[in-house]
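Numbering of the sequence shown is given in the numbering used here, commencing with residue 1 and proceeding in unit increments.
C-beta atoms are modelled at their ideal positions from N, C-alpha and C, and glycine is treated no differently.
From a predicted model like this one, the values you see are computed outputs, not experimental measurements.
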Amino acid sequence: MRIVVTGANGLIGSRLARLLSSRGHDVIAWGRGPQRATLNAAKYQSLELTDARAVSSAVSAAFPQVIINPAAMTDVDGCERDPLGAWDINVGAVATLARAARLSASFLLHVSTDYVFDGDAGPYQVDATPNPRGAYALTKHAGEQAVRALLPADAWAIARTAVVYGWPAEGKSNFGSWLISSLSEGKKVSLFADQRVSTTHADNAAAMLAELAERKLPGLWHVAGAEVTDRVEFGQRLCARFGFDASLITPARMVDVRLASPRPARSGLQVDRTTNTLKAAPWTLAEGLEALLAEYRKGRP
Ligand SMILES: NC(=O)c1ccc[n+]([C@@H]2O[C@H](COP(=O)([O-])OP(=O)(O)OC[C@H]3O[C@@H](n4cnc5c(N)ncnc54)[C@H](OP(=O)(O)O)[C@@H]3O)[C@@H](O)[C@H]2O)c1
């Protein structure tokens with residue numbers, strides 16, 4: 001298959017481009033600026049996704065069967081400070097891609113987030129009603145609506161993921177890589193005990209996304225790890241597996257911290273539909289930590 005993957009310098013995009021090219025697909029990997037990630041046989045192209053004209057002509061030239069869009073402004077507090085910039089990439093660029101997908105009869109697999117839910121009563125099923133709070137959440141939710149509005153029902157999939165981790169940090173640091181960097185140097189970390197989340201190894205997310213793309217499975221999907229934990233429990237489990245000192249973890253409460261953007265507290269994604277449909281099953285936390293330890297020992301994913 002000819003597949004376009006955006007966000008190719010990012011955590012999910014880079015792993016997805018590598019995985020799909022290792023499976024023999026013709027992968028065109030779009031990133032911003034120079035290539036920074038290892039992409040194996042995927043062909044890298046620099047593309048500013050907020051440039052609608054450039055995106056439309058790039059899609060016409062590539063003529064892909066599938067477009068996968070992990071690219072986004074993912075800095076949650078950064079989105080709060082720059083809602084216009086967040087809108088341009090998290091909504092405007094998504095609408096441009098959906099329009100181009102429609103014109104080229106491509107299937108669009110768009111990557112979204114558990115933040116579309118308010119986090120008052122998670123974990124959430126795929127058909128739960130979103131109630132986004134904060135600029136990141138609002139723009140990611142609006143991006144989902146752009147996909148649904150602009151494409152026929154059998155031509156799109158939206159895959160929500162949550163707290164994705166992998167080593168080393170490709171692009172910006174992630175929850176897992178930050179914990180490893182800090183704890184391995186004996187630095188204390190403060191973790192929220194009152195935020196429950198699904199956590200997802202990046203390779204597991206990539207495997208589930210790759211299968212959704214290959215099978216062109218339409219609709220809403222949750223591509224996340226199989227378990228929901230609080231952040232302290234995740235840190236303690238990581239310490240136990242990596243041999244780090246768990247007393248470096250200081251439990252904190254999200255309600256006591258002033259954050260620029262609100263975070264869902266009782267979040268988490270139910271993965272039943274994914275588990276029942278895909279061969280690439282959501283991993284348990286033990287499986288995710290095992291994969292993280294293996295890449296930490298190798299020094300690469
Ligand atoms: N990581 C998580 O914990 C998590 C959790 C829930 C949902 N998600 C969703 O999963 C997706 C992928 O996340 P990720 O962790 O892989 O994010 P990431 O590492 O931040 O990668 C996102 C990529 O998008 C690119 N990008 C941003 N603006 C762009 C623009 N205007 N033109 C072209 N490229 C642009 C970035 O380029 P630069 O590298 O140049 O900045 C970056 O490489 C996102 O849609 C996110 O909302 C992630």
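If the criterion is Cβ atoms closer than 9 Å, does the pair Val-301 and Gly-166 meet it?
Position 301 of the sequence shown, counted from the start, is the residue given in the question as residue 301. Position 166 of the sequence shown, counted from the start, is the residue given in the question as residue 166. First, the residue type needs correcting, since residue 301 is Pro and not Val in the sequence shown. Going by C-beta atoms, Pro-301 is nearer than 9 Å to Gly-166.
Between Val-147 and the rest of its own chain, which residues show a CB-CB distance below 7 Å, the 5 nearest in sequence each way excluded?
By 1-based counting over the sequence shown, the position of residue 147 is 147. Cβ neighbours of Val-147 beyond the five flanking positions: Val-94, Ala-98, Leu-108, His-110, Trp-156, Ile-158.
Less than 8 Å between the CB of Ala-93 and some heavy atom of ligand 1, yes or no?
As a working note, residue 93 is residue 93 in the sequence shown. Ala-93: yes, Cβ under 8 Å from ligand 1.
Alpha carbon to alpha carbon, how far is Trp-87 from Thr-139?
Start at 1 with the first residue of the sequence shown, and residue 87 comes out as number 87. Start at 1 with the first residue of the sequence shown, and residue 139 comes out as number 139. Distance between the alpha carbons of Trp-87 and Thr-139: 6 Å.
9 Å Cβ cutoff met for Ala-281 and Ala-226
Position 281 of the sequence shown, counted from the first residue, corresponds to residue 281. Position 226 of the sequence shown, counted from the first residue, corresponds to residue 226. Cβ atoms of Ala-281 and Ala-226: closer than 9 Å.
Determine the DSSP secondary structure at Arg-196, reduced to helix, strand or coil.
By 1-based counting over the sequence shown, the position of residue 196 is 196. Of the three classes helix, strand and coil, the one that applies to Arg-196 here is strand, per DSSP.
Between which two residues does the alpha helix (DSSP H) carrying Trp-221 extend?
Here residue 221 refers to the residue found at position 221 of the sequence shown. Careful: Trp-221 lies outside any alpha helix (DSSP H), inside the beta strand (DSSP E) at 219-222.
Just confirm the distance between the C-beta atoms of Ala-205 and Ile-12, as a whole number of angstroms; I'd bet it's less than 8 Å.
As a first step, residue 205 is located in the sequence shown; it is residue number 205 there, counting from the start. As a first step, residue 12 is located in the sequence shown; it is residue number 12 there, counting from the start. That pair is a contact at about 6 Å.
Closest to Asp-51 by CA distance: which of Ser-112, Lys-298, Gln-270, Gly-31 is it?
Against the sequence shown, residue 51 aligns to sequence position 51. Of the listed residues, the one whose Cα sits closest to Asp-51 is Gly-31.
Going along the chain, which unbroken runs of the alpha helix (DSSP H) with 4 or more residues stay wholly within the segment 98-151?
135-150
If you measure from the CB of Leu-87, is any heavy atom of ligand 1 nearer than 8 Å?
Stepping through the sequence shown from its first residue, residue 87 is reached at position 87. According to the sequence provided, residue 87 is Trp. The question's Leu does not apply to it. Flag unset: Cβ of Trp-87 not near ligand 1.
Within the segment 207-279, note down every full beta strand (DSSP E) run reaching 3 residues or more, in order along the chain.
219-222, 228-230, 249-252
Can you grab the Cα-Cα spacing for the pair Thr-277 / Gly-186, in whole Å?
Counting from one through the sequence shown, the residue named residue 277 turns up at place 277. Counting from one through the sequence shown, the residue named residue 186 turns up at place 186. Cα to Cα, the separation comes out at about 42 Å.
If we ignore side chains and look at the alpha-carbon of each, how far apart do Phe-192 and Phe-63 end up?
Taking the sequence shown and counting its residues from 1, the one referred to as residue 192 is at position 192. Taking the sequence shown and counting its residues from 1, the one referred to as residue 63 is at position 63. The straight-line gap from Cα to Cα measures roughly 45 Å.
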